[in-house]
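Taken in order, the sequence shown gives residues 1 to 128; the numbers are from my numbering.
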Amino acid sequence: MAEIEKYSSVAVFILVAVGLPAALLLGSYLFSFIRIRPVGTEEDGSAKRESYESGSDPIGQAWGRFNIRYYFFALLYLLFAVEAIFLFPWAIRLKHLGYEALIAMFVFLGIQIAGFIYEWRRGGLEWE
């Protein structure tokens, strides 16, 4: 009985993780058959085919180029998000892990900080 109690929370989590998206998709599918339109809208939906439904005419091309620096900042964000993902569980269990884990985390943080300093000196954090 104790084993079932241990895994019951996992089973509930799996049921919610699978059931909620399935219910939302099913609800979306079923509500797609109900055609509720505000008063005064066109039946053919010609305004829905526009780029902007607000009625504004688009200016310029839709396929504009983005500056590559956005991607550099996104990669730096991912770098530090991954660092946080590793840091929080380690900090919680630090007493039980011992000095080996402390040294391993300092090595990990050292590599992260060295990469950040390299990117900073290279000028990757400056927007020109």
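Note that the Cβ used here is the ideal one computed from N, Cα and C, for glycine as well.
Asked: Can you tell me the Cα-Cα spacing of Tyr118 and Ile111, whole angstroms?; Found: 10 Å
Asked: State whether the region 70-81 contacts the region 93-111, with contact taken as three or more CB pairs (one from each stretch) at a distance under 8 Å.; Found: no
Asked: At the level of alpha carbons, what is the spacing between Phe170 and Leu24?; Found: Residue numbering for the chain in the displayed model covers 1 to 128; residue 170 lies beyond these limits and cannot be assessed.
Asked: What distance in whole Å lies between the Cβ atoms of Gly123 and Leu79, which are believed to be in contact at a cut-off of 8 Å?; Found: About 17 Å; that fails the 8 Å criterion.
Asked: Which two residues bound the contiguous alpha helix (DSSP H) that contains Glu126?; Found: Careful: Glu126 lies outside any alpha helix (DSSP H) and carries neither H nor E.
Asked: Secondary structure at Ile68, three-state DSSP: helix, strand or coil?; Found: coil
Asked: Considering only the beta carbon of each residue, do Phe108 and Phe88 sit closer than 8 Å?; Found: no
Asked: Could you tell me the alpha carbon to alpha carbon distance between Phe31 and Asn67, rounded to whole angstroms?; Found: 40 Å
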